[in-house]
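Worksheet: one structure, shown below.
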Amino acid sequence: RCKNMWVLGLVYWMYGRDPQPTIDWLQQKFARLPDVATANIAALKAGHAFAETAELQVPVFHVPPASFDSGLHGLINGSQALAWGLLTGTHLAGLEMTFCSYPITPSSPLLHALSKLPGYGVTTFQAEDEIAAACAAIGASYAGTLGVTASSGPGLALKTEALGLAISTELPLVLVDTQRGGPSTGLPTKTEQSDLYMAVWGRNGDAPLPVLAASSPADCFYTAIEAVRLATKYMTPVILLSDGYISNASEPWLIPDVNQLTPFPVEFRTDPAEYQPYQRDPASLARAWVKPGTAGLEHRIGGIEKDYYSGDISYDPANHQRMTDIRAAKIQNITEDIPAQTVSDGNPQGALAVVGWG
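Read in order, the letters of the sequence shown correspond to residues -15 to 342 in our numbering.
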């Protein structure tokens, strides 16, 4: 059971690194289980001795110490970064978060992380299935908190009808999809990035929404904040794509000064004067967010098409076209509200751009 330590010792020799920090860590980690610590340390030393004695015919690599920006750093994985990013985003919006999820590999660590933080403005709810989790999150947003749900490939497929409901009701929602190998049950414990088309197009009718993707474990923190900002500003569901590798991998993280992050406070509509449910902000095209029970602001929501002006149920084809167009224009406006993409390698002024995914 200590074979990973044996291989690690071999790798330490190959790369010319000192195994003592790992030995110290094992002694600290298993201080209450000295037999476990002794076995792992013995395996580590055995692997190191084998590589040295066998004189393996492999190139010898030297890995220099990593360079860091100035500031306080910590080690963080993607799930932890998502949890803290979602909490920070809701704090910047002046909201509390209701996280509704159903356990599924490799998405569950996000539920685990948030369930350990009840004092930070988050309520976690483990639903009986994927559809219930998504609908509960929509209900939480209707009530005035930010509804967040999470899943992986097969669960995202089950949540698509609820996503359509969130688009129709124009309520903020964040859905985190930690991708895994598919199709069907596929490869639950193996990573893949094959849900992109389903995230962008996988709903009935014309149902556009923004899709964000994290590039690293640490980037999950800032991507989650941006997902909250877009969801609340534009009153729309947002899909945030991660994957099993990013979720579980760790990297050094420059801990940000939250006082330097820009707030984007939500303003709930309270004035009943000339209120219409789908009256829109002229810049963002988002409708007003109203907490149920606010006097004078009673209105209908639901999955049946609504009248552009009154919010009443409408089957009029011209009205449906107008509502379809305005929902699409609202999402299109987001392209003017996000940073320009940067070139990760090569000449940013080159004639040919190579765009990759996954």
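In this text, a Cβ means the ideal position worked out from N, Cα and C, and glycines have one as well. Fair warning: this is a prediction, and the values are worked out from it, not measured in the lab.
message = Taking contact to mean 3 or more Cβ pairs, one atom from each stretch, closer than 8 Å, check whether the region 68 to 80 and the region 201 to 215 are in contact.
response = The region 68 to 80 vs the region 201 to 215: in contact.
key: Contact check, residue 223 vs residue 159, beta carbons under 7 Å   = Position 239 of the sequence shown, counted from the start, is the residue given in the question as residue 223. Position 175 of the sequence shown, counted from the start, is the residue given in the question as residue 159. Result yes, Cβ atoms of residue 223 and residue 159 sit closer than 7 Å.
message = For a test of your reading of the model: does the CB of residue 237 fall under 6 Å from any non-hydrogen atom of the ligand ADP? Yes or no.
response = Absence of the ligand ADP is noted for the structure shown, with no ligands found whatsoever.
query = Counting Cβ pairs, one atom from each stretch, are 3 or more of them under 8 Å apart for the region 251 to 263 and the region 220 to 240?
reply = At 8 Å Cβ cutoff, the stretches do not touch.
inquiry  = Do residue 99 and residue 135 count as a contact pair if the criterion is CB distance below 7 Å?
reply    = The residue you call residue 135 lines up with position 151 of the sequence shown. The residue you call residue 99 lines up with position 115 of the sequence shown. Contact: no.
inquiry  = Just to confirm my understanding: we take residue 119, look at its own chain, exclude 5 residues before and 5 after, and list those with CB closer than 6 Å. What are they?
reply    = As a first step, residue 119 must be located in the sequence shown, where it is residue number 135. For residue 119, same chain residues with a beta-carbon under 6 Å away, outside a window of 5 residues either side, are 146 in chain order.
inquiry  = Using 8 Å for Cβ pairs, my map puts residue 156 next to residue 215. What's the rounded Cβ distance?
reply    = Counting from one through the sequence shown, the residue named residue 156 turns up at place 172. Counting from one through the sequence shown, the residue named residue 215 turns up at place 231. 4 Å between Cβ atoms; contact.
message = Quick check on DSSP: helix, strand or coil for residue 232?
response = Translated into the one-based positions of the sequence shown, residue 232 becomes position 248. For residue 232, the three-state secondary structure derived from DSSP is helix.
ask   = So residue 300 packs on residue 284, CB below 8 Å; how close in whole Å?
value = Along the sequence shown, read from residue 1 onward, the residue named residue 300 stands at position 316. Along the sequence shown, read from residue 1 onward, the residue named residue 284 stands at position 300. Actually they are not in contact, since the Cβ atoms of residue 300 and residue 284 sit about 16 Å apart, beyond 8 Å.
query = Using a Cβ-Cβ cut-off of 8 Å (strictly less than) and excluding sequence neighbours within five positions of residue 59, which residues of its own chain qualify?
reply = Stepping through the sequence shown from its first residue, residue 59 is reached at position 75. Cβ within range, chain order: 234, 235, 236, 237.
inquiry  = So if DSSP puts residue 237 in a beta bridge, which residue, or which two residues, is it bridged to?
reply    = The residue you call residue 237 lines up with position 253 of the sequence shown. Beta-bridge pairing links residue 237 to 58.
query = What does DSSP give as the partner residues of residue 221 in its beta bridges?
reply = By one-based count along the sequence shown, residue 221 stands at place 237. According to DSSP, which records beta bridges pairwise, residue 221 is partnered with 157.
task = Could you check what DSSP says for residue 226 in three-state terms: helix, strand or coil?
result = Counting from 1 along the sequence shown, the entry for residue 226 is found at position 242. Residue state, collapsed to three classes: strand.
inquiry  = Between 1, 40, 63, which has its C-alpha nearest residue 47's C-alpha?
reply    = Numbered from 1 along the sequence shown, position 63 holds the residue referred to as residue 47. The shortest Cα separation from residue 47 among 1, 40, 63 belongs to 1.
query = Which term fits residue 239, buried or exposed, when burial requires 16 or more other beta carbons within 10 angstroms of its beta carbon?
reply = Taking the first residue of the sequence shown as 1, we reach residue 239 at position 255. The residue is exposed, with fewer than 16 neighbouring Cβ atoms inside 10 Å.
Burial state of residue 151, where buried means 16 or more other Cβ atoms lie within 10 Å = For this step, residue 151 is matched to residue 167 along the sequence shown. Burial call: buried.
task = Just the C-alpha distance for residue 217 and residue 125, rounded to the nearest angstrom, thanks.
result = Taking the sequence shown and counting its residues from 1, one reaches residue 217 at position 233. Taking the sequence shown and counting its residues from 1, one reaches residue 125 at position 141. Near 13 Å, if we compare the C-alpha coordinates of residue 125 and residue 217.
task = For residue 130, name the three-state secondary structure that DSSP assigns.
result = Position 146 of the sequence shown holds residue 130. Note: residue 130 maps to strand in three-state DSSP.
Which of helix, strand or coil DSSP assigns to residue 25 = In the sequence shown, the residue the question calls residue 25 occupies position 41. Looking at residue 25 - three-state DSSP - the assignment turns out to be helix.
task = Report buried or exposed for residue 50, applying the criterion of at least 16 other Cβ atoms within 10 angstroms of its Cβ.
result = Taking the sequence shown and counting its residues from 1, the one referred to as residue 50 is at position 66. It counts as exposed.
Contacting residues, own chain, Cβ-Cβ under 8 Å from residue 287 (five flanking each side not counted) = Within the sequence shown, residue 287 is the residue found at index 303, counting from 1. Around residue 287, the same chain offers 148, 149, 152, 153 as residues with beta carbons nearer than 8 Å, after the five sequence neighbours per side are excluded.
task = Starting from residue 319, trace the beta strand (DSSP E) both ways and give me its first and last residue.
result = Within the sequence shown, the letter at position 335 stands for residue 319. Residue 319 -> no beta strand (DSSP E), and no H or E assigned at all.
query = Around the Cβ of residue 137, are there at least 16 other Cβ atoms within 10 angstroms (buried) or fewer (exposed)?
reply = On the sequence shown, residue 137 is found 153 positions in, with the first residue counted as 1. Residue environment analysis places residue 137 among the buried positions, since at least 16 neighbouring C-beta atoms fall within 10 angstroms of its C-beta.
message = Is the beta carbon of residue 247 closer than 7 Å to that of residue 76?
response = Numbered from 1 along the sequence shown, position 92 holds the residue referred to as residue 76. Numbered from 1 along the sequence shown, position 263 holds the residue referred to as residue 247. With respect to the 7 Å criterion, residue 76 and residue 247 are classified as neighbours on the basis of their beta carbons.
ask   = Going by Cα to Cα distance, which pick from 39, 10, 201 is closest to residue 28?
value = One-based indexing of the sequence shown puts residue 28 at position 44. Considering only alpha carbons, the answer is 10.
key: Short Cβ contact (7 Å threshold) for residue -7 with residue 31   = Within the sequence shown, residue -7 is the residue found at index 9, counting from 1. Within the sequence shown, residue 31 is the residue found at index 47, counting from 1. Contact flag set, yes.
task = Measure the alpha-carbon distance for residue 268 versus residue 317 and round it to whole angstroms.
result = Position 284 of the sequence shown, counted from the first residue, corresponds to residue 268. Position 333 of the sequence shown, counted from the first residue, corresponds to residue 317. The alpha-carbon atoms of residue 268 and residue 317 are separated by roughly 7 Å.
query = Residue range of the alpha helix (DSSP H) that residue 4 falls in?
reply = Translated into positions along the sequence shown, residue 4 becomes position 20. Taken as a continuous stretch (DSSP letters only), the alpha helix (DSSP H) holding residue 4 covers 4 to 13.
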